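Chemist:
There are 2 protein chains.
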Amino acid sequence: MNTSRTARIIDVDVIDVRFPTSREFDGSDAMNPDPDYSAAYVVLRTNADEQMEGHAFTFTIGRGNDVQAAAIATLRERLVGLSVDAVCADPGSVSHTLVSDSQLRWLGPEKGVMHMAIDAVVNAVWDLAAKRAGKPMWKFLADADPEWLADQIDYRYIQDALTRDDAVALLTKGKDDAADREAQLLAQGYPAYMTSPGWLGYSDEKVVRLSQQAVADGFTQIKLKVGADLADDIRRLRAARTAVGPGIRIAVDANQRWSIAEAIEWTGALADAGPYWIEEPTSPDDILGHAAVRKAVAPVKVATGEHVHNRIVFKQLLQCGAIDILQIDAARVGGVNENLAILLLAAKFGVPVCPHAGGVGLCELVQHLSMFDFVALSGTTENRVIEYVDHLHEHFVDPVVIVRGHYSAPSRPGFSAQMHPGSIAVHRYPDGTFWASDQAVPKEMRKN
Amino acid sequence: MNTSRTARIIDVDVIDVRFPTSREFDGSDAMNPDPDYSAAYVVLRTNADEQMEGHAFTFTIGRGNDVQAAAIATLRERLVGLSVDAVCADPGSVSHTLVSDSQLRWLGPEKGVMHMAIDAVVNAVWDLAAKRAGKPMWKFLADADPEWLADQIDYRYIQDALTRDDAVALLTKGKDDAADREAQLLAQGYPAYMTSPGWLGYSDEKVVRLSQQAVADGFTQIKLKVGADLADDIRRLRAARTAVGPGIRIAVDANQRWSIAEAIEWTGALADAGPYWIEEPTSPDDILGHAAVRKAVAPVKVATGEHVHNRIVFKQLLQCGAIDILQIDAARVGGVNENLAILLLAAKFGVPVCPHAGGVGLCELVQHLSMFDFVALSGTTENRVIEYVDHLHEHFVDPVVIVRGHYSAPSRPGFSAQMHPGSIAVHRYPDGTFWASDQAVPKEMRKN
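Going line by line, the protein sequences match chains A and B. Using our numbering, read the first sequence as starting at 1 and increasing by one per residue. Using our numbering, read the second sequence as starting at 449 and increasing by one per residue.
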């Protein structure tokens, strides 16, 4: 066994893990009718000691998870042999090195499959760093020195909106009364909202029942999927509003289904049932389009971000006042360090962050970022909620814990990204036990 | 042998082809110091007859070409079995089907590795369609019915700037005097500009010599790479200006090297040598940033596009007046059909299109799009030039022909994308004869 002084990354495991969620219509929306929630899962193996591994993944919805895995595999040679001390002392440098690789950069830059692959390995480094510090990620970040944290960020292309000096100032200010907020977080958790009632494939009866259940469980906000059929959306939203009463926020989510004109018209048609925000009204690339929608649909708020591919697009959404709510995703941009840049941009522009979550493991990851934001950056949970979906948490070693509509603060060191080995053995694609036996059944005889 | 009525796509070959260009510093710029020009190359095999194949590729600069190939391979099952008649009658539908795949869409949407993979297979379908019509691509497009061509385009997310009615009107107007312009094209070709003099790795002497040679060869515009060192750039640009005189346009290209402030400052410092355009001053994602740069550096023009990932971003660049010159790339967006949308947007906004080319095979492809634009859309070559770089054309069956600084119109049916089988056998990675023998040599003993 090596001492940590000589510990190195000795291998990178890349595993294609898929869950057959499409067969129960969990997660269906107007753009994604049949998602199979999947993870291109990464384990950084080190010779530090047998527990010292970095775990992370990027999330996909099925087909293409193999492409993600192939992209991650190309990064293996860049990681093997690196000093564990060095990468944990400066995880942002790993992101910067990979993002700047001149040949790989052509495949983006900083977007799509290659950026998500970088995200996965960089987050595994962050997981390793937090584990070595013996802290859950939220506390690892909240306890960090502002200068060090500011140095983790790549300011390229965002300096016109956020400089390193800005970051240090915001993070230093975030330290004021952080101990009080940490105590509050540990006592009360971080507010969540509930998406499970509103999948498009669900019947009205199921929407009403699950909406009422969510309120009974302590949630003060739910979300419904919209965008496939206007009459259906109006009926479902009214039914949910009647079921939960006027005091509960109901967000609606179009998953990029609309043009600008459609977004404005459709949101207007839903307005009498009082939607709180309209999420992803149109293409995540359409910055000016979101600005136009926001202007037209106020006081309904505009939210987006789960498909926004990097800090540069978020910067512009903020610069032109295109969004009321910024939705980070833990597994799309270039790692925790790029999400730090985005949280800092949001803080500077005074826009609340309400993370995207759900899928498989996204709740586990992103809770840490919001908890850090509360304790040591924005300092508030006002108008801030983390998405919650009650699927697939059982596959994680450190699953999220929801109490009375709040995420409880994780206490286990790391980023909560680790899956149970047994879950991987069953769901590894295509040779895990589930998929192998599934393939053995003729297609027309498979469940659903 | 099947009749065309029953002809189907029976297989999709995907080949990783790489050229060791980094060893001679060809193509070096401030962001890409060591590109190995590469193609993730696609052959659609059909049972129509043995000549009837669709060829295309997406371009990368080395590492990651295997990821592109893997992404293309995932599309194979979506293509095999399709009717050749059906896909050739409606190539845009193939693009639309693949772009809309709900699971693959998560990996973008419409950006990065997966979008480039779709581009490759869709362009192979367009190649097949033009070959079956017995026409080079430019003429296949120029002869097409405006209604049919307008139907090839996906208007999703651009309808606020370009409707199908707009497209039909522009394409119908483009038919006026098209025969005259076709005759002009066949007689004179399409104007080119020359980038080969200006790679960053070249000595001043080589820059001067190649610049003078370009002018002697009939080019009226050249381009220099900038952005690594300001003093070097000033010296090289002045040397080139002295060498070519005041009547030749010299574009400069920063390849995304700068922040907004740096772009404005650096371009200002170069202004006395009269650069015609500044290309890629900053991130291709920074729409608002380009608008700010353009406002500050006028009368130097702002050009971008080779890394702009789809029509939605181009739409916004045009909507907010961020660019003077729009640079399409033939192998990044979702196929000929998406480039049609971009050409139509440019025509509607009255912005000239000067395509990105070079790499391997990009000149061969993109010339067709500009020639179509001249004959049957914008109707002019004023302030329009196609980039030309004199590398690697010998690997193509139908290489570009440059005469007195103009691209000659191809006459061979198809998209000019086909490589010589012998070139593929040598440069297939890693098992082609060049790479296999290269790998057999110890790394420290390889050339350069």
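Don't be surprised by glycine CBs; every beta carbon is placed ideally from N, CA and C. Fair warning: this is a prediction, and the values are worked out from it, not measured in the lab.
Strictly under 7 angstroms for the Cβ-Cβ distance: is A40 (chain A) near chain B by that measure?
Modeler: Judged by the 7 angstroms Cβ criterion, A40 (chain A) is not in contact with chain B.
Chemist: What do you reckon, are the CB atoms on I708 (chain B) and D13 (chain A) nearer than 7 angstroms?
Modeler: No, Cβ-Cβ distance for I708 (chain B) and D13 (chain A) is not below 7 angstroms.
Chemist: Helix or strand or just coil, what does DSSP make of M479 (chain B)?
Modeler: Correct three-state label for M479 (chain B): coil.
Chemist: In the structure shown, what three-state DSSP assignment does S4 (chain A) receive?
Modeler: Residue placement at S4 (chain A) is flagged as unreliable, the pLDDT there being 46, under the threshold of 50; a coordinate-derived value is accordingly withheld.
Chemist: Taking beta-carbon pairs under 9 angstroms, can you tell me which members of the stretch 597-612 of chain B lie near chain A?
Modeler: Flagged, chain order: Y603, R604, Y605, I606, Q607 and D608.
Chemist: What are the uninterrupted segments assigned as alpha helix (DSSP H) that are 4 or more residues long and contained completely in the stretch 204-276 of chain A, given in chain order?
Modeler: Within the stretch 204-276 of chain A, the complete alpha helix (DSSP H) runs of at least 4 residues are 204-216, 230-244 and 260-270.
Chemist: Can you give the beta carbon distance from A296 (chain A) to E279 (chain A), rounded, assuming they're within the 8 angstroms contact cut?
Modeler: Not a contact, Cβ separation roughly 16 angstroms.
Chemist: Which residue wins for smallest C-alpha separation from K623 (chain B), given the options B:L633, B:A824 and B:I520?
Modeler: If we check each option's Cα against that of K623 (chain B), B:A824 comes out closest.
Chemist: Counting only Cβ pairs nearer than 9 angstroms, list the residues of chain A close to A519 (chain B).
Modeler: G64, V67, A70, A71 and V113, listed in chain order.
Chemist: Indicate the three-state DSSP secondary structure (helix, strand or coil) for V12 (chain A) in the structure shown.
Modeler: Strand, per DSSP.
Chemist: Under 7 angstroms, do V360 (chain A) and A39 (chain A) count as touching if we go by C-beta distance?
Modeler: Contact: yes.
Chemist: If you drop the 5 nearest sequence neighbours on each side, which residues of the same chain put their C-beta closer than 8 angstroms to that of A117 (chain A)?
Modeler: Around A117 (chain A): A40, T58, Q68, A71, I72, T74 and L75.
Chemist: Terminal residues of the continuous alpha helix (DSSP H) containing M137 (chain A)?
Modeler: That run of the alpha helix (DSSP H) goes M137 to D143.
Chemist: Could you check whether the stretch 293-310 of chain A touches the stretch 263-273 of chain A, counting it as contact only if at least three pairs of C-beta atoms, one from each stretch, sit closer than 8 angstroms?
Modeler: The stretch 293-310 of chain A vs the stretch 263-273 of chain A: in contact.
Chemist: For the pair the stretch 773-788 of chain B and the stretch 298-314 of chain A, tell me if three or more CB-CB distances fall below 8 angstroms.
Modeler: Not touching, per the Cβ criterion.
Chemist: D16 (chain A) touches chain B at which residues, Cβ-Cβ below 9 angstroms?
Modeler: Result: empty, since nearest Cβ-Cβ is about 12 angstroms, beyond 9 angstroms.
Chemist: Do we get a CB-CB distance below 7 angstroms when we pair N32 (chain A) with the residues of chain B?
Modeler: Yes - at least one Cβ of chain B is within 7 angstroms of the one on N32 (chain A).
Chemist: Please confirm if the stretch 828-845 of chain B is in contact with the stretch 797-806 of chain B, defined as three or more CB-CB distances below 8 angstroms between the two stretches.
Modeler: Yes: the two stretches touch, three or more of their Cβ pairs being nearer than 8 angstroms.
Chemist: Should D285 (chain A) be flagged as near chain B, meaning a C-beta pair shorter than 7 angstroms?
Modeler: It does: the Cβ of D285 (chain A) has a partner Cβ on chain B nearer than 7 angstroms.
Chemist: If I measure Cβ to Cβ from R612 (chain B) and keep anything under 8 angstroms in the same chain, skipping five residues before and after, which residues do I get?
Modeler: Contacts found: A598, D599, I601 and Y603.
Chemist: Does the stretch 207-220 of chain A come into contact with the stretch 427-439 of chain A, if we say contact requires no fewer than three beta-carbon pairs (one atom in each stretch) closer than 8 angstroms?
Modeler: The stretch 207-220 of chain A is not in contact with the stretch 427-439 of chain A.
Chemist: In the DSSP assignment, find the unbroken alpha helix (DSSP H) run with V99 (chain A) in it and report its ends.
Modeler: Segment P91 to V99, the alpha helix (DSSP H) holding V99 (chain A).
Chemist: Confirm, please, whether the CB-CB distance from M371 (chain A) to W138 (chain A) is below 7 angstroms.
Modeler: Yes, the pair counts as a contact, with Cβ atoms nearer than the cut-off.
Chemist: Output needed in chain order: residues of the stretch 551-580 of chain B with a Cβ under 9 angstroms from some Cβ in chain A.
Modeler: Listed by position, the residues of the stretch 551-580 of chain B near chain A (Cβ gap below 9 angstroms) are Q551, L552, R553, W554, L555, G556, P557, E558, K559, G560, V561, M562, H563, M564 and A565.
Chemist: Would you decide whether H420 (chain A) is buried or exposed? Buried here means 16 or more other CB atoms lie within 10 Å of its CB.
Modeler: Its Cβ having fewer than 16 others within 10 Å, H420 (chain A) is exposed.
Chemist: Could you please tell me which residues of the stretch 260-276 of chain A, in chain order, have their CB closer than 8 angstroms to any CB of chain B?
Modeler: The residues in question are I260 and A261.
Chemist: Bridge partners for V535 (chain B) per DSSP, in chain order?
Modeler: Its beta-bridge partners do not exist; DSSP assigns none.
Chemist: Looking only at its chain, what residues have a beta carbon closer than 6 angstroms to the beta carbon of W435 (chain A), apart from the 5 residues adjacent to it on each side?
Modeler: For W435 (chain A), where only same-chain residues beyond five positions count, the Cβ hits under 6 angstroms are Y429.
Chemist: I need the boundaries of the alpha helix (DSSP H) containing T881 (chain B), first residue and last residue.
Modeler: T881 to A888 is the extent of the alpha helix (DSSP H) around T881 (chain B).
Chemist: Expressed to the nearest angstrom, what Euclidean distance is found between the alpha-carbon atoms of P861 (chain B) and S871 (chain B)?
Modeler: Approximately 21 angstroms, taken between the alpha carbons.
Chemist: In chain B, which residues lie less than 7 angstroms from H309 (chain A) when you measure between Cβ atoms?
Modeler: Chain B residues near H309 (chain A): K559.
Chemist: Could you give the distance in angstroms between the alpha-carbon of A496 (chain B) and the alpha-carbon of L530 (chain B)?
Modeler: If I take the Cα positions, the gap works out to 12 angstroms.
Chemist: Compare the C-beta of N448 (chain A) against all C-beta atoms of chain B and say whether one is closer than 7 angstroms.
Modeler: Any answer about N448 (chain A) is weak, because its pLDDT of 44 lies below 50 and its placement is not dependable; what the coordinates show is given next. Not closer than 7 angstroms to any Cβ of chain B, the Cβ of N448 (chain A) fails to qualify, so no.
Chemist: Enumerate in chain order the residues of its own chain whose CB-to-CB distance from P197 (chain A) is below 6 angstroms, with the five nearest sequence positions on each side excluded.
Modeler: Counting only Cβ-Cβ distances below 6 angstroms, and skipping sequence neighbours, we find V207, L210, S211, A214 and I222.
Chemist: What residues in the stretch 757-781 of chain B bring their beta carbon closer than 9 angstroms to a beta carbon of chain A?
Modeler: Result list: H757, N758, I760, V761, K763, Q764, Q767 and C768.
Chemist: If you measure beta-carbon to beta-carbon, which residues of the stretch 419-440 of chain A are closer than 8 angstroms to chain B?
Modeler: Within the stretch 419-440 of chain A, no residue qualifies.
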